[in-house]
Amino acid sequence: MKKFLYLVVGVLILIFVLWLFPEPMPEYIPERDYIDMEAEILESFILAKDSSVIQLPEGHFLFSQALSLDDKKHLTIRGMGMDKTILSFKGQVKGAEGIKVTQCKNLIIEDLAIEDAAGDNLKISDSDSIVLRRVRSAWTGKVSTKNGAYALYPVLCSNLLIEECEAIGASDAGIYVGQSKNVIIRNNKAYYNVAGIESENSSNIEIYGNEAYENTTGLLIFNLPQLTVYGENIRAYDNTIYNNNIPNFGVKGSIVSAVPKGTGVVIMATKNVTFSKNTIRDHKTVNLSVVSYELFAADDDPENTTLDQEAENRGIRSVDSDYTQDVTYNVYPKDILIHENAFENKFSFPTLSNDYGILMFMKNKMTIPDIVYDGILPKNIPLQSPEYKICLDNNGEINFVMMDAANDFENFSNDQTPFDCKMIL
Amino acid sequence: MMKVSINVLYILLLLLGACLDAPKVTNAPTAKRVVPIQPLLSQKTNEKQKLSEYGFFEAPLSDLIPNPRVYSYEVNTPLFSDYASKKRFLYLPDATQMEFSPTASTLHFEKGSVLIKNFYYPTSDGQERIIETRLLIKEKEGWKPLNYIWNEEQSDASLNYIGADIEVEWIKNETHIQKVNYSVPNLNQCKNCHISDSDITPIGLSIAQLNRKNPLLSVDKNQLAFFQEAKLIKNLPKKNNWSKLPVWNNPLTGSVEERAKAYLDANCAYCHSPKGSAKNSGLHLNYTEINTRSRGIYKPPVAAGKGSGDLVYDIVPGDPEHSILLYRMKSKDPSIQMPELGRSLVHEEGIALISEYIQNLQKK
Numbered sequence: 033m034k035k036f037l038y039l040v041v042g043v044l045i046l047i048f049v050l051w052l053f054p055e056p057m058p059e060y061i062p063e064r065d066y067i068d069m070e071a072e073i074l075e076s077f078i079l080a081k082d083s084s085v086i087q088l089p090e091g092h093f094l095f096s097q098a099l100s101l102d103d104k105k106h107l108t109i110r111g112m113g114m115d116k117t118i119l120s121f122k123g124q125v126k127g128a129e130g131i132k133v134t135q136c137k138n139l140i141i142e143d144l145a146i147e148d149a150a151g152d153n154l155k156i157s158d159s160d161s162i163v164l165r166r167v168r169s170a171w172t173g174k175v176s177t178k179n180g181a182y183a184l185y186p187v188l189c190s191n192l193l194i195e196e197c198e199a200i201g202a203s204d205a206g207i208y209v210g211q212s213k214n215v216i217i218r219n220n221k222a223y224y225n226v227a228g229i230e231s232e233n234s235s236n237i238e239i240y241g242n243e244a245y246e247n248t249t250g251l252l253i254f255n256l257p258q259l260t261v262y263g264e265n266i267r268a269y270d271n272t273i274y275n276n277n278i279p280n281f282g283v284k285g286s287i288v289s290a291v292p293k294g295t296g297v298v299i300m301a302t303k304n305v306t307f308s309k310n311t312i313r314d315h316k317t318v319n320l321s322v323v324s325y326e327l328f329a330a331d332d333d334p335e336n337t338t339l340d341q342e343a344e345n346r347g348i349r350s351v352d353s354d355y356t357q358d359v360t361y362n363v364y365p366k367d368i369l370i371h372e373n374a375f376e377n378k379f380s381f382p383t384l385s386n387d388y389g390i391l392m393f394m395k396n397k398m399t400i401p402d403i404v405y406d407g408i409l410p411k412n413i414p415l416q417s418p419e420y421k422i423c424l425d426n427n428g429e430i431n432f433v434m435m436d437a438a439n440d441f442e443n444f445s446n447d448q449t450p451f452d453c454k455m456i457l
Numbered sequence: 002m003m004k005v006s007i008n009v010l011y012i013l014l015l016l017l018g019a020c021l022d023a024p025k026v027t028n029a030p031t032a033k034r035v036v037p038i039q040p041l042l043s044q045k046t047n048e049k050q051k052l053s054e055y056g057f058f059e060a061p062l063s064d065l066i067p068n069p070r071v072y073s074y075e076v077n078t079p080l081f082s083d084y085a086s087k088k089r090f091l092y093l094p095d096a097t098q099m100e101f102s103p104t105a106s107t108l109h110f111e112k113g114s115v116l117i118k119n120f121y122y123p124t125s126d127g128q129e130r131i132i133e134t135r136l137l138i139k140e141k142e143g144w145k146p147l148n149y150i151w152n153e154e155q156s157d158a159s160l161n162y163i164g165a166d167i168e169v170e171w172i173k174n175e176t177h178i179q180k181v182n183y184s185v186p187n188l189n190q191c192k193n194c195h196i197s198d199s200d201i202t203p204i205g206l207s208i209a210q211l212n213r214k215n216p217l218l219s220v221d222k223n224q225l226a227f228f229q230e231a232k233l234i235k236n237l238p239k240k241n242n243w244s245k246l247p248v249w250n251n252p253l254t255g256s257v258e259e260r261a262k263a264y265l266d267a268n269c270a271y272c273h274s275p276k277g278s279a280k281n282s283g284l285h286l287n288y289t290e291i292n293t294r295s296r297g298i299y300k301p302p303v304a305a306g307k308g309s310g311d312l313v314y315d316i317v318p319g320d321p322e323h324s325i326l327l328y329r330m331k332s333k334d335p336s337i338q339m340p341e342l343g344r345s346l347v348h349e350e351g352i353a354l355i356s357e358y359i360q361n362l363q364k365k
């Protein structure tokens, strides 16, 4: 009884504190002095032939329409640096993207910034051998749901390198790789996005040396149903993922809008993931969670799920309640290895702004877990069956939670031993 | 006093009107126009900057009177382009000929040949205003599209790669003043319609389209016969075997169904045919297609997205209102409308024809 009273008082005080200090949304306001070289730059994109180099000078260039490249080989688009060559699509009237690339091969885009497109800043689809290097993709001003969905958005691509880039202010994901294979995402920064970095339905992915901070969530490794391909073989290491606690400003109904703020990393419904030597710290809901798609689908509030057509046309993924129809889709995380990571948290109490925080508050002694596993498995498959194993090794002193979400948290547990690699391997 | 106040009221009303009429303010910032000091692109182009440099027409250029080796041609059923009229010409280099081949859908042209299509509108002063001239130039590697936009004075046209939106006021049926925001395509957009397999290809230069009279060439002769006699075309089949596309708006040339199919051939089949860019849709509207499902009848859409308008079939016989095909012809929403490019107005006469055709189709 006394415990319960403490709880109630605690909750009330926290709510009061939250009410007193509403969280400010971050803003990115660089100084801009726009010039108009639209005709010439548009012309250079249209006239570019195989093996052309488009060299863009210094300046803050404003565009009224999207730039596009289709079916080109060995093309280079080069600026004078991400602080010097700025391509701004603020107030564009034609096209949704900033730069749209389709069916290219051996393309390099480097040393420039792309800003404020109506939709995605840089979308690359059906392309092969692509390098994005030192590209800053941002939405300026206070972060907003009206910002475009994806800052750097390669989809259905292969052999892709994204390095030393920055993604700021995306209303879905900053650096987003979808339905692609053979991808390296290294030494990038992502901040002020809903999701900092996301690998979705992609295979053979290396994510290392990146920094993701001040997003709603830092890193998502997802498989979503009803898409052309499903991902596997993902290694994420040497990343620093911290303080991803900004309020979720994703479009209602989108899959990322279902991720609670203060979630460092989510590994969902993917197989063969190695997550090692990362630093994950200071998240108000959880540092790292390993979950099945069922958790998202269960969370699926019918009011929130109807993503409007316009958002869907922009490629924003919604929660799909028909996922069980897709027999090729694997709903559960499989073969997840988590070792030698450093978990820390400067926050003591979980946020009460979402169900998971409240759950941890109630069930996890008011502490924020470092690793959460939902424990949801197919019917009649016991925990840690070989195919579905989750294994933890050498992650220091961590606050571990197995939620047992499928059974109303009946076997909610902090015991790590069933997940100890040494016990399994 | 009364008069003054009425005047004031009038002025206020005018001001109000002006405010309501004011263009929609976008949140785009302003930007000073700057030209690059260094070229942006590593390679140079060597295309002619002005249409006059080609020497296709006598002076004054805007009369479009062809020089030798430049010949007018007409098609039976043209593509609708926002009610623009078209004057078409072909240039054949000395001693070259067009060539018919039974395996190709289009006549073959030799290197250096140019197809010239002028888009113009009749204006309220009884004149014509030419907006653009599109060229397809046959080079060693294949066809190359280029566009020239005419100046206000109509003295010449300048090379344009990036497209343009041009406000045009014109007269429909010699009585109605109309306005159109005419869209000149950019170079990439040319390919959207002119691609077949992966090559740029002329549209409309087929026996079926050219099999007609053309008073600009000859008052009494068939156009193809004229070309044949002038030795401008070779390997033509016997005249009895020339196929002929009906003229979409001339009932003497075919039944409603035949004319509707001709209209769909000219307006849709450059993409919607087995080699066109919309082949994945499974909807084939080329005149020669005989499979009714491929022609859209009781055919569900494949990748139409919201373009389907929540309708079930491309064509529902007897029910034009529930046919996706007509729904998309009627739309002016860029994400729904068909054709996707080159149309900002609705083609009322075309819709009437297709509507009648669908209405007449036998229900299952």
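Residue numbers (my numbering), protein chains in the order written: chain A, 33 to 457; chain B, 2 to 365. C-beta atoms are modelled at their ideal positions from N, C-alpha and C, and glycine is treated no differently. As the structure is a computational prediction, the values presented were derived from the model and not from experiment.
Using the rule of at least 16 other Cβ atoms within 10 Å of the residue's Cβ for burial, across every protein chain shown, is residue i buried or exposed?
| i | result |
| --- | --- |
| D95(B) | exposed |
| K316(A) | buried |
| P30(A) | The displayed coordinates of chain A run from 33 to 457. Any statement about residue 30(A) would go beyond what the structure contains. |
| K25(B) | For K25(B), the predicted structure reports a pLDDT of 44, less than 50, and the residue's modelled location is therefore unreliable. A value from the coordinates is still provided. It is exposed - the Cβ of K25(B) has fewer than 16 other Cβ atoms within 10 Å. |
| F17(A) | Here chain A has residues from 33 to 457 only, and residue 17(A) is not among them. |
| A23(B) | Unreliable placement is indicated for A23(B), whose pLDDT of 46 sits below 50; the coordinate value is still reported in the next sentence. By the neighbour-count rule (16 or more Cβ atoms within 10 Å), A23(B) is not buried but exposed. |
| E264(A) | buried |
| A227(A) | buried |
| E230(B) | exposed |
| S235(A) | buried |
| H177(B) | exposed |
Does residue i have its Cβ less than 8 angstroms from a Cβ in chain A?
| i | result |
| --- | --- |
| N28(B) | yes |
| R130(B) | no |
| L107(B) | In the sequence as presented, Leu is not what sits at residue 107(B); that position holds Thr. It does not: the Cβ of T107(B) has no partner Cβ on chain A nearer than 8 angstroms. |
| V303(B) | no |
| I196(B) | no |
| P340(B) | no |
| Q155(B) | no |
| S43(B) | yes |
| L137(B) | no |
| Q179(B) | no |
Determine whether the beta carbon atoms of residue i and residue j lie at a separation below 8 angstroms.
| i | j | result |
| --- | --- | --- |
| D152(A) | A181(A) | yes |
| I316(B) | I359(B) | yes |
| L147(B) | Y264(B) | no |
| P89(A) | T108(A) | no |
| I278(A) | T302(A) | no |
| V347(B) | K364(B) | no |
| G201(A) | V175(A) | yes |
| S96(A) | V125(A) | yes |
| H273(B) | A267(B) | no |
| S324(A) | T295(A) | no |
| Y245(A) | N276(A) | yes |
| S190(A) | N214(A) | yes |
| L79(A) | T46(B) | yes |
Assuming residue i and residue j are in contact, meaning their beta carbons sit under 8 angstroms apart, how far apart are those beta carbons, in whole angstroms?
| i | j | result |
| --- | --- | --- |
| Q98(B) | K235(B) | 5 angstroms |
| Y162(B) | L137(B) | At roughly 15 angstroms, the Cβ-Cβ gap does not stay under 8 angstroms, so Y162(B) and L137(B) are not in contact. |
| V318(A) | I229(A) | Not a contact, Cβ separation roughly 17 angstroms. |
| K132(A) | S100(A) | 4 angstroms |
| L256(A) | E232(A) | 6 angstroms |
Would residue i pass as an interface residue toward chain B - the criterion being a Cβ-Cβ separation below 8 angstroms?
| i | result |
| --- | --- |
| I229(A) | no |
| V85(A) | yes |
| K132(A) | no |
| E75(A) | yes |
| E72(A) | yes |
| S159(A) | no |
Residues of chain C with a CB under 7 angstroms from the CB of residue i: which are they?
| i | result |
| --- | --- |
| R34(B) | Of the protein chains in the structure, A and B, none is chain C. |
Along the chain, which unbroken stretches of the beta strand (DSSP E) at least 3 residues long are found entirely within the stretch 64-89 of chain B?
-> 71-74
Can you check the stretch 215-301 of chain A for any beta strand (DSSP E) of at least 3 residues that lies completely inside it and give the ranges in chain order?
-> 221-223, 227-232, 235-240, 243-245, 249-254, 264-269, 272-274 and 295-300
Which whole runs of the alpha helix (DSSP H) in the stretch 64-89 of chain A are 4 residues long or more, in chain order?
-> 70-79
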